[in-house]
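Enquirer:
Protein chains: 2
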Amino acid sequence: MPETARRGDRVSGTRYGNRPTMKDVAARAGVGLKTVSRVVNGEPGVTPDTERRVQEAIEALGFRRNDSARVLRKGRTASIGLVLEDLADPFYGPLSRAVEEVARAHGALLINGSSAEDPEREQELVLALCARRVDGLVVIPAGDDHRYLEPELKAGVATVFVDRPAGRIEADVVLSDSFGGARDGVAHLIAHGHRRIGFIGDMPRIHTAAERLRGYRAAMEDAGIEVEPSWMSLGVTDPERVRRAAEEMLSGPVPVTAIFAGNNRVTVTVVRVLAGHDRQVALVGFDDFELADLLKPGVTVVAQDAATLGRTAAERLFRQLDGSLVTPERIELPTRLITRGSGELPPAD
Amino acid sequence: MPETARRGDRVSGTRYGNRPTMKDVAARAGVGLKTVSRVVNGEPGVTPDTERRVQEAIEALGFRRNDSARVLRKGRTASIGLVLEDLADPFYGPLSRAVEEVARAHGALLINGSSAEDPEREQELVLALCARRVDGLVVIPAGDDHRYLEPELKAGVATVFVDRPAGRIEADVVLSDSFGGARDGVAHLIAHGHRRIGFIGDMPRIHTAAERLRGYRAAMEDAGIEVEPSWMSLGVTDPERVRRAAEEMLSGPVPVTAIFAGNNRVTVTVVRVLAGHDRQVALVGFDDFELADLLKPGVTVVAQDAATLGRTAAERLFRQLDGSLVTPERIELPTRLITRGSGELPPAD
DNA sequence: CCCGCATCTGACAACGTTGTCCAGGCTCTA
DNA sequence: TAGAGCCTGGACAACGTTGTCAGATGCGGG
Chain A
240 MPETARRGDR VSGTRYGNRP TMKDVAARAG VGLKTVSRVV NGEPGVTPDT
290 ERRVQEAIEA LGFRRNDSAR VLRKGRTASI GLVLEDLADP FYGPLSRAVE
340 EVARAHGALL INGSSAEDPE REQELVLALC ARRVDGLVVI PAGDDHRYLE
390 PELKAGVATV FVDRPAGRIE ADVVLSDSFG GARDGVAHLI AHGHRRIGFI
440 GDMPRIHTAA ERLRGYRAAM EDAGIEVEPS WMSLGVTDPE RVRRAAEEML
490 SGPVPVTAIF AGNNRVTVTV VRVLAGHDRQ VALVGFDDFE LADLLKPGVT
540 VVAQDAATLG RTAAERLFRQ LDGSLVTPER IELPTRLITR GSGELPPAD
Chain B
240 MPETARRGDR VSGTRYGNRP TMKDVAARAG VGLKTVSRVV NGEPGVTPDT
290 ERRVQEAIEA LGFRRNDSAR VLRKGRTASI GLVLEDLADP FYGPLSRAVE
340 EVARAHGALL INGSSAEDPE REQELVLALC ARRVDGLVVI PAGDDHRYLE
390 PELKAGVATV FVDRPAGRIE ADVVLSDSFG GARDGVAHLI AHGHRRIGFI
440 GDMPRIHTAA ERLRGYRAAM EDAGIEVEPS WMSLGVTDPE RVRRAAEEML
490 SGPVPVTAIF AGNNRVTVTV VRVLAGHDRQ VALVGFDDFE LADLLKPGVT
540 VVAQDAATLG RTAAERLFRQ LDGSLVTPER IELPTRLITR GSGELPPAD
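Same order as they appear, the protein sequences are chains A and B. Its first residue numbered 240, the first sequence is counted upward by one per residue in my numbering. Its first residue numbered 240, the second sequence is counted upward by one per residue in my numbering.
In structure tokens, the structure reads:
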């Protein structure tokens, strides 16, 4: 019976299509396996001459340590996971980058995934990250029930939620003061004489959206203004529906003189709608965005700092891993009203 | 001698601070180790009753398969790496997202890292990803020598370069037609009567920057225009220096009547500078950006599609992994001139 | 009633690394 | 010069999973 090559057969010390291992390096350098390990990890106890021989063998074979095996042995992966809604959203880019910088400072890599605002996909992603044994997780939740994370928390996976709180579990949260920010933004419009103010926001099942709506209501109530149902549009995000919602508010039976936009995508769409109108309508948006200052008029916004949000969360994560942090906490970062013109327009009835 | 707990001691089947393993699940379910593996991987040959018992044990213990061990055994990680310049840059967010979507369609996770345009950091990141044995790499190179990747390529790591070509190695590349785009953009300005046209771009050691500069020169030469050295500003990116460069071009001995901006960050800064001037200066920018249409005047740009760039690259990557792709290729995607007003302003001398 | 076969299950090795521990050779001192 | 102590290097097991292979079980037919 003729022998055929099988996976695992060795040819001149290296496996077919596979990578050289420490064993191969050891054989080539004429030293023991552990000595190679010591050199690779910069551990003491290797004479300069031996080290040189090993380095040469590593170079010659193009050896790279297999971190999967290392992880298996050591238990830490030096990587953290980030689950967010959509990396293409300008709000999350800087956030992700901030998390990455902190991770890098701690020698960790960042694995990230977009949930597309789908709770199921969020869970799928988070569990995939856990299966890869990330040391920690930064999650911008899409769903509102995170009990599926309980075994992970128990197993010591550091976890921080960002932008929105975790559902039904105890965990660290870092978020912006959506309620206060929205209330201040709407109050700002009221202070400039507006009473008929529209609100366009995301689905209230999203925590931030609900909080911003609550802020809107609170500001209106504080001013003794009764809110017409037709002034509120909830759960619309895609440009076309935002456009329709805005048009309806502007031409309804009780037309608004100002609009509060619940997030940057909505704001931008509303700006587009208003650009097509001749009537002056005031606008305040939640979330800053690039070029807001260059539009005519400049767009007044309630700004939250995505990078700080990410940095704060990541730092807490690594403090959890240190062990210097135990009790879950809720950290709320203040927002900042930036006036640029659009929010200071007087009502035009 | 009192016994003290050591790492490795077992308490009711689970290790301290560690996670349950298949062995633990097997013990609890009263089955063999391999049977658990079969259930977890949906392999056939398990009776419904046994499967139920195993599932219950998994549930009860909160077991998650350890993918590090799995990878070690199987050789594939079902993850790909993406190295780009800066995730916070609006050009890379959509690109990253597009790569992620393709990866997801192939059941792979995305690990990404920002090189911050630093060749050393790029190499460090790429090698860290290789150590984690990603199946493939999408790289937006910062450096111009990628020979360090040779062992990886030989070992079968699928690799695609995006936006800029690889240096000194043979590899797949997907990029935009920077030269043609810039030439067309500048020609557009020339067609509208401009002859004194400024160019502000990134360091020429960056391939795209060099190509765009080449396009600028080509368009000028085609029109028989001699370029004044003071019209070109190379290697400036940070807002302050771009601002100074623009001001100098506008007020120099031979002031320009139009500016071609080499990338979106430069374009935005130039828009800011021009907003502070009363003299009308034409502007064409490379790269589209959000809200370019809402500025007054709208900003004419040479648009490249970041998402398509990312998608194309990722698709090639997985075709490499299929084995259906062998020879490295260079794919150049066309750019598109979008006229919005700023590029059609006549020269104001 | 027993054999053969199909079906289900488990023991065992291997993946590539690191931690533990011991051997051998060296230096230093009494 | 012998003994103690240090330094370097290597053998071996373990991490948690999957592939291989053989054993156990049950069933139907001769």
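Virtual Cβ for every residue (Gly too), placed ideally from N, Cα, C.
Check distances from the C-beta atoms of the stretch 346 to 375 of chain A to those of chain B and list, in chain order, the residues that come in under 7 Å.
Expert: Under the 7 Å Cβ criterion, the stretch 346 to 375 of chain A contributes Leu348, Leu349, Ile350, Asn351, Gly352, Ser353, Leu366, Ala367, Cys369, Ala370, Arg371, Arg372.
Enquirer: Note down the Cα distance separating Val412 of chain A from Ile445 of chain A, rounded to an integer number of angstroms.
Expert: Here residue 412 of chain A is taken as the residue at index 173 of the first sequence, counted from 1. Here residue 445 of chain A is taken as the residue at index 206 of the first sequence, counted from 1. So the two alpha carbons sit approximately 15 Å from each other.
Enquirer: May I ask you to verify whether the stretch 374 to 384 of chain A touches the stretch 557 to 565 of chain A, counting CB pairs closer than 8 Å and requiring at least 3?
Expert: Contact between the stretch 374 to 384 of chain A and the stretch 557 to 565 of chain A is present, because at least three Cβ pairs lie under 8 Å.
Enquirer: Between Val278 of chain A and Glu290 of chain A, is the Cβ-Cβ spacing less than 8 Å?
Expert: Here residue 278 of chain A corresponds to residue number 39 of the first sequence, with the count starting at 1. Here residue 290 of chain A corresponds to residue number 51 of the first sequence, with the count starting at 1. In this structure, Glu290 of chain A lies closer than 8 Å to Val278 of chain A by Cβ.
Enquirer: Measure from the C-beta of Arg258 of chain B to each C-beta in chain A and report whether the shortest distance is under 8 Å.
Expert: Counting from one through the second sequence, the residue named residue 258 of chain B turns up at place 19. Yes, its Cβ sits closer than 8 Å to a Cβ of chain A.
Enquirer: To the nearest angstrom, how far is it from the Cα of Asp357 of chain B to the Cα of Leu364 of chain B?
Expert: Within the second sequence, numbered from 1, the residue matching residue 357 of chain B stands at position 118. Within the second sequence, numbered from 1, the residue matching residue 364 of chain B stands at position 125. Distance between the alpha carbons of Asp357 of chain B and Leu364 of chain B: 11 Å.
Enquirer: Between Glu234 of chain B and Val512 of chain B, is the Cβ-Cβ spacing less than 8 Å?
Expert: Residue 234 of chain B is absent from the model: chain B starts at 240 and stops at 588.
Enquirer: Following the continuous beta strand (DSSP E) through Asn503 of chain A, name the residue where it begins and the one where it ends.
Expert: As a first step, residue 503 of chain A must be located in the first sequence, where it is residue number 264. No beta strand (DSSP E) contains Asn503 of chain A, which is instead part of the alpha helix (DSSP H) from 503 to 514.
Enquirer: Does any residue of chain B have a CB that is nearer than 8 Å to the CB of Pro478 of chain A?
Expert: Taking the first residue of the first sequence as position 1, residue 478 of chain A is located at position 239. No, no contact with chain B.
Enquirer: Determine the burial state of Ala500 of chain B: buried for a count of at least 16 other Cβ atoms within 10 Å of its Cβ, exposed for fewer.
Expert: Start at 1 with the first residue of the second sequence, and residue 500 of chain B comes out as number 261. Its Cβ being crowded by 16 or more others within 10 Å, Ala500 of chain B is buried.
Enquirer: Mind checking if Asn280 of chain B is an interface residue toward chain A, Cβ cutoff 8 Å exclusive?
Expert: Residue mapping note: residue 280 of chain B aligns to position 41 of the second sequence, counting from 1. Chain A contact via Cβ: absent.
Enquirer: Just to make sure I have the definition right: I need the residues of chain A whose C-beta is within less than 9 Å of the C-beta of Ala381 of chain B. Which are they?
Expert: In the second sequence, residue 381 of chain B corresponds to position 142, counting from 1. Within chain A, no residue comes near Ala381 of chain B; the closest Cβ sits about 15 Å away, beyond 9 Å.
Enquirer: Which residues in chain A sit within 7 Å of Leu428 of chain B, going by Cβ to Cβ distance?
Expert: Indexing the second sequence from 1 puts residue 428 of chain B at position 189. Going along chain A, no residue has its Cβ under 7 Å from Leu428 of chain B, so there is no contact; the nearest lies around 21 Å.
Enquirer: According to DSSP, is Arg315 of chain B helix, strand or coil?
Expert: Here residue 315 of chain B refers to the residue found at position 76 when the second sequence is read from its first residue. Of the three classes helix, strand and coil, the one that applies to Arg315 of chain B here is coil, per DSSP.
Enquirer: Can you list, in chain order, the residues of its chain with a C-beta nearer than 7 Å to that of Glu611 of chain B? Leave out the 5 residues immediately preceding and following it.
Expert: Since the first residue shown for chain B is 240 and the last is 588, residue 611 of chain B is missing from the structure and cannot be characterised.
Enquirer: Less than 6 Å between C-beta atoms, sequence neighbours within five positions excluded: which residues of the same chain meet that for Glu391 of chain A?
Expert: Taking the first sequence and counting its residues from 1, one reaches residue 391 of chain A at position 152. Contacts found: Cys369.
Enquirer: Name the chain B residues whose beta carbon is nearer than 8 Å to that of Asp325 of chain A?
Expert: Against the first sequence, residue 325 of chain A aligns to sequence position 86. The contacting residues are Arg336.
Enquirer: Inspect the beta-carbon positions of Val523 of chain A and Gly437 of chain A and report whether they are closer than 8 Å.
Expert: In the first sequence, residue 523 of chain A corresponds to position 284, counting from 1. In the first sequence, residue 437 of chain A corresponds to position 198, counting from 1. Their beta carbons are not under 8 Å apart, which means Val523 of chain A does not touch Gly437 of chain A by this criterion.
Enquirer: Does DSSP classify Thr447 of chain A as helix, strand or coil?
Expert: Position 208 of the first sequence, counted from the first residue, corresponds to residue 447 of chain A. Of the three classes helix, strand and coil, the one that applies to Thr447 of chain A here is helix, per DSSP.
Enquirer: Any beta carbon from chain A within less than 8 Å of Ala394 of chain B's own beta carbon?
Expert: For the purposes of this step, residue 394 of chain B is identified with residue 155 of the second sequence, where counting begins at 1. Ala394 of chain B counts as touching chain A.
Enquirer: Go ahead and label Glu324 of chain B buried or exposed: buried means 16 or more other beta carbons lie within 10 angstroms of its beta carbon, across all protein chains shown.
Expert: For the purposes of this step, residue 324 of chain B is taken as the residue at position 85 of the second sequence. Buried, since its Cβ has 16 or more Cβ neighbours within 10 Å.
Enquirer: Would you report the Cα separation of Arg192 of chain A and Leu428 of chain A, rounded to the nearest angstrom?
Expert: Because residue 192 of chain A is not part of the residues shown, which for chain A are 240 to 588, the question remains open.
Enquirer: Name the two residues that bound the continuous beta strand (DSSP E) containing Arg575 of chain B.
Expert: The residue labelled residue 575 of chain B in the question sits at position 336 within the second sequence. Arg575 of chain B -> beta strand (DSSP E) spans 575 to 577.
Enquirer: Which of the residues in the stretch 504 to 537 of chain A, read from start to end, lie with their CB under 9 Å from any CB of chain B?
Expert: Result list: Val507, Val510, Arg511, Ala514, Phe528, Glu529, Leu530, Ala531, Asp532, Leu533, Leu534, Lys535.
Enquirer: Please state if the CB of Ser415 of chain B and the CB of Gly549 of chain B are separated by a distance shorter than 8 Å.
Expert: Counting from one through the second sequence, the residue named residue 549 of chain B turns up at place 310. Counting from one through the second sequence, the residue named residue 415 of chain B turns up at place 176. The answer is no: Cβ separation not under 8 Å.
Enquirer: Determine the direct distance from the alpha carbon of Ala421 of chain A to that of Thr574 of chain B, and round the result to whole angstroms.
Expert: Taking the first residue of the second sequence as position 1, residue 574 of chain B is located at position 335. Taking the first residue of the first sequence as position 1, residue 421 of chain A is located at position 182. Approximately 41 Å, taken between the alpha carbons.
Enquirer: Does the beta carbon of Ser251 of chain B sit closer than 8 Å to a beta carbon anywhere in chain A?
Expert: If you number the second sequence from 1, residue 251 of chain B lands on position 12. Low confidence applies to Ser251 of chain B: its pLDDT is 29, below 50, so where it sits in the model is not reliable, and the reading given next is rough at best. Closer than 8 Å: no.
Enquirer: Which stretch, first to last residue, makes up the beta strand (DSSP E) that contains Arg569 of chain A?
Expert: For the purposes of this step, residue 569 of chain A is identified with residue 330 of the first sequence, where counting begins at 1. Residues 569 to 572.
Enquirer: Quick one, which residues of the stretch 304 to 316 of chain A are near chain B if we go by CB-CB under 9 Å, in chain order?
Expert: Listed by position, the residues of the stretch 304 to 316 of chain A near chain B (Cβ gap below 9 Å) are Arg304, Asn305, Asp306, Ser307, Ala308, Arg309, Val310, Leu311, Gly314, Thr316.
Enquirer: In the DSSP assignment, the beta strand (DSSP E) including Ala542 of chain A goes from what residue to what residue?
Expert: One-based indexing of the first sequence puts residue 542 of chain A at position 303. Taken as a continuous stretch (DSSP letters only), the beta strand (DSSP E) holding Ala542 of chain A covers 539 to 542.
Enquirer: Please determine if the stretch 513 to 532 of chain B and the stretch 297 to 309 of chain A are in contact, where contact requires at least 3 C-beta pairs separated by less than 8 Å.
Expert: As far as the Cβ criterion goes, the stretch 513 to 532 of chain B does not touch the stretch 297 to 309 of chain A, which means the pair count is below three.
Enquirer: Could you have a look at Ile297 of chain B and say whether DSSP puts it in helix, strand or coil?
Expert: Here residue 297 of chain B refers to the residue found at position 58 when the second sequence is read from its first residue. Helix.
Enquirer: Helix or strand or just coil, what does DSSP make of Met471 of chain B?
Expert: In the second sequence, residue 471 of chain B corresponds to position 232, counting from 1. It is a strand residue.
Enquirer: Just to confirm the assignment, what range does the alpha helix (DSSP H) spanning Asp532 of chain B have?
Expert: Numbered from 1 along the second sequence, position 293 holds the residue referred to as residue 532 of chain B. Where Asp532 of chain B is concerned, there is no enclosing alpha helix (DSSP H), given that its DSSP letter is neither H nor E.
Enquirer: Shortest alpha-carbon distance to Lys393 of chain A belongs to which of B:Pro259, B:Gly352, B:Leu349, B:Glu554?
Expert: Here residue 393 of chain A refers to the residue found at position 154 when the first sequence is read from its first residue. It is B:Pro259.
Enquirer: Suppose you measure from the CA of Asp384 of chain A to the CA of Glu409 of chain A; what does that come to, to the nearest Å?
Expert: The sequence position of residue 384 of chain A within the first sequence is 145, counting from 1. The sequence position of residue 409 of chain A within the first sequence is 170, counting from 1. Looking at the two C-alpha atoms, the distance is approximately 11 Å.
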